[in-house]
Amino acid sequence: MDGAEDPGKLSSTLHDPTNTQPLLVKPYPTTIASTSGTEQEEEEEEEDQSQYLQISYNFGPRSLKDLPILLLFSLLVLSTFGFGIFASVHKNPHRSQISSFIYNTTSLSCTLLKNFETPTSLNPQKSNLFYDFTDIPSFSENPTSSRSSVLKSLIWTLVLTLILSAPFVLSVLLLLKHYTKQIVYASLPFFIIVPIFINVYWFVACTLNSTCSHSFPLAYRIIVLVFVFLIIGVIVWIFVVNWHRIELTVNIVGVASNALSKNLGLFGVLPALTVSLFVYYVPIVVFLIFANRNGKIVPKEENGEYYCVWKQDSWVPAYYTLAILTMLWSATAMVEAQVYVISGTIAQWYFSKDDSGPQRGIRSSLRNAFGPSSGTICFSGLLIFAVRLIRSVVDNARQEEASGIVNLILRCCVNSLFTAVDFLNKFTINFAAITGEGYCSASRMTYELLKRNLLSAVIVETVSTRILAGIVLVLSVIYAIVVCVILKALIHLGNDAYFVALMAWIVLIVILGFFVHILDNVIDTVYVCYAIDRDRGEVNKQDVHQVYVHLPISRSHSHRAGFVIIPRSPPLV
Numbered sequence: 001m002d003g004a005e006d007p008g009k010l011s012s013t014l015h016d017p018t019n020t021q022p023l024l025v026k027p028y029p030t031t032i033a034s035t036s037g038t039e040q041e042e043e044e045e046e047e048d049q050s051q052y053l054q055i056s057y058n059f060g061p062r063s064l065k066d067l068p069i070l071l072l073f074s075l076l077v078l079s080t081f082g083f084g085i086f087a088s089v090h091k092n093p094h095r096s097q098i099s100s101f102i103y104n105t106t107s108l109s110c111t112l113l114k115n116f117e118t119p120t121s122l123n124p125q126k127s128n129l130f131y132d133f134t135d136i137p138s139f140s141e142n143p144t145s146s147r148s149s150v151l152k153s154l155i156w157t158l159v160l161t162l163i164l165s166a167p168f169v170l171s172v173l174l175l176l177k178h179y180t181k182q183i184v185y186a187s188l189p190f191f192i193i194v195p196i197f198i199n200v201y202w203f204v205a206c207t208l209n210s211t212c213s214h215s216f217p218l219a220y221r222i223i224v225l226v227f228v229f230l231i232i233g234v235i236v237w238i239f240v241v242n243w244h245r246i247e248l249t250v251n252i253v254g255v256a257s258n259a260l261s262k263n264l265g266l267f268g269v270l271p272a273l274t275v276s277l278f279v280y281y282v283p284i285v286v287f288l289i290f291a292n293r294n295g296k297i298v299p300k301e302e303n304g305e306y307y308c309v310w311k312q313d314s315w316v317p318a319y320y321t322l323a324i325l326t327m328l329w330s331a332t333a334m335v336e337a338q339v340y341v342i343s344g345t346i347a348q349w350y351f352s353k354d355d356s357g358p359q360r361g362i363r364s365s366l367r368n369a370f371g372p373s374s375g376t377i378c379f380s381g382l383l384i385f386a387v388r389l390i391r392s393v394v395d396n397a398r399q400e401e402a403s404g405i406v407n408l409i410l411r412c413c414v415n416s417l418f419t420a421v422d423f424l425n426k427f428t429i430n431f432a433a434i435t436g437e438g439y440c441s442a443s444r445m446t447y448e449l450l451k452r453n454l455l456s457a458v459i460v461e462t463v464s465t466r467i468l469a470g471i472v473l474v475l476s477v478i479y480a481i482v483v484c485v486i487l488k489a490l491i492h493l494g495n496d497a498y499f500v501a502l503m504a505w506i507v508l509i510v511i512l513g514f515f516v517h518i519l520d521n522v523i524d525t526v527y528v529c530y531a532i533d534r535d536r537g538e539v540n541k542q543d544v545h546q547v548y549v550h551l552p553i554s555r556s557h558s559h560r561a562g563f564v565i566i567p568r569s570p571p572l573v
């Protein structure tokens, strides 16, 4: 009777989670526990699978994310403006009149002299601003001097460059959209030709110059010449080895250019955001100027004599620190806001059935960026600002040649931190713009999404960014050469044409660099959208899948393919 009841008791005991004392030998409960643990992990993976299958662009209303970071940023901004207004009201009007004060032995303080005349005011004619300019020989003797001609040519050249930059960028975009392969392959030889030209040019110029040839012997010049040619050979070898990746990058750039051409409104919104940042900076800069005028004029003893000096209020340096930190954080947050707007707009185009995308895609992205996701943007900007600040400190310590095992360990830790932050931050804002998730949640879900689909977090931009930068450099150099030829042939500026052409090149390369920044973020956004499609087994943009399906599998995750859920391969028809 008891023996018949024992198996039932044993079975119920094994299934009772409250029982902590096994009745059989230990291997049996261990096996059962491990089996139940495996089943639990499978259930969690199924839950994750069901969660990730729901990932798509969130067209509906979004909840406010990362509210504490947003409150912290708002507190800094309000404090900066509040103390700035206080500094403006309580400024000392005598800040610029220190020389008008003398030490009063009776009151033991500095007193403002009445009817004090500065040395410049003794001669009103000399203090006249117009006289100061007309007193310059080049302006008084020759109004149409070469200096004024260069200045006029510089102004007109920069204005024309700014005007022509818009159609120039649109032309580059259309060329990359329709003739990507031809543009890339035509630019690649210049990556070799330019270093060869510079190498040969300095060798010949140094040989012809007696001073250079005397201080730099021929044997050393030949060694440097050969060494540079070896470096160029290594560059050629890198191109040959990675030729298949270059072809893939050509297709990726073409797809991104097509996506950007469908959302040309970004070229108006993003510069407007940059201008708004500078407008936001204007009152802060004014507050900093007024803060410098907060203080008092006090006597100072030196060698038994008293002088009147300016003593700044003790809170002014702290306000300078607060204002500068606020400006830097605002700058990084604005960069992340631009990335958010780009990602949200491109994602709406990607997941829409119409190839032209939604009509109010940019407006919706702006509303989400400066609304529910403003805390996420501030969070990302804070991390980027902190990383750059720490990196600058480490670089300064390295330049000062700080030695010691502690500094070495600190550098290793900081470099590891940089790598981790770069890895986590990559695609996080893109994913947050698509789904509306908070920063930490978006970072985790992005990593899991790429891991589940055996995609890399760094493979996309490795080649495309460098190729785009090279194309921009080549096009801007060609433009500068054309400007220089026109100035020398038509305006007859002489050697000053090189300076004007250099300024035009700087302006154009900054504008084209901003264009590359936009195109890079489009590439990243399309990459995340492709990963979402791959995870869901859908095809929203057929041309994107035909290109991105050739991306290499991430080696860091391929060895764990048996422990991750392999996504369904979307049909390519």
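Under the UniProt record's numbering, the first residue of the sequence shown is numbered 1, with each subsequent residue one higher.
We treat Cβ as the ideally placed atom computed from N, Cα and C, and that holds for glycine.
Keep in mind that this is a model prediction, so the values were computed, not measured.
Query                                                                                                                                                                       : Result
CB-CB under 7 Å to S56, same chain, minus the five flanking residues each way: which ones, in chain order?                                                                  : F351, I532
Let's test the definition: count the other Cβ atoms within 10 Å of the Cβ of C412 and tell me whether it reaches 16, buried, or not, exposed.                               : exposed
Taking only three categories from DSSP, how would you classify E295?                                                                                                        : The sequence given here places Gly at residue 295; Glu does not occur at that position. Residue state, collapsed to three classes: strand.
Taking the alpha carbon of L158 as the reference point, which residue from L502, Q542, R534, V522 has its own alpha carbon closest?                                         : L502
Take every Cβ of the segment 158 to 178, pair it with every Cβ of the segment 218 to 230, and state whether three or more of those distances are shorter than 8 Å.          : no
Assuming S352 is part of the beta strand (DSSP E), what are its boundary residues?                                                                                          : S352 -> no beta strand (DSSP E), and no H or E assigned at all.
State the Cα-Cα distance for the pair I193 and I231, rounded to the nearest angstrom.                                                                                       : 13 Å
Please list, in chain order, all residues of the same chain as W349 whose beta carbon is under 7 Å from its beta carbon, the five residues on each side excluded.           : A259, K262, N263, G357, G361
My guess is that I471 and I238 are in contact by the Cβ rule of under 8 Å, so how many angstroms apart are they, rounded?                                                   : Rounded, the Cβ-Cβ distance is 17 Å, inconsistent with contact.
Return the residue from the list A420, F168, I252 that minimises the CA-CA distance to S464.                                                                                : I252
Between A337 and the rest of its own chain, which residues show a CB-CB distance below 6 Å, the 5 nearest in sequence each way excluded?                                    : A369, I377
Identify which residue in I390, R444, E437 has its Cα closest to the Cα of G375.                                                                                            : E437
Below 9 Å between beta carbons: does that hold for T249 and I518?                                                                                                           : no
Quick check for students: name the residue ranges of the alpha helix (DSSP H) that lie wholly in the segment 59 to 96, counting only runs of 4 or more.                     : 67 to 89
Quick check: the Cα distance between V516 and N294, rounded to an integer number of angstroms?                                                                              : 44 Å
So, with DSSP's three-state summary, where would you put K451?                                                                                                              : helix
List the residues that DSSP assigns as beta-bridge partners of L112.                                                                                                        : F101
What number of angstroms, rounded off, separates the C-alpha of V419 from the C-alpha of I297?                                                                              : Looking at the sequence provided, one finds Thr at residue 419 rather than Val. One C-alpha to the other measures close to 50 Å.
Assess contact between the segment 84 to 96 and the segment 272 to 291, defined as three or more Cβ pairs (one per stretch) separated by less than 8 Å. Is contact present? : yes
Would you call the CB atoms of W329 and F73 closer than 9 Å?                                                                                                                : yes
Exposed or buried, what is A291 when buried is set at 16 or more other beta-carbons lying within 10 Å of its beta-carbon?                                                   : buried
Quick check on K311: does DSSP put it in helix, strand or coil?                                                                                                             : strand
Checking the sheet assignment: what are the DSSP bridge partners for E302?                                                                                                  : E305
Three or more beta-carbon pairs under 8 Å between the segment 435 to 452 and the segment 61 to 72, yes or no?                                                               : yes
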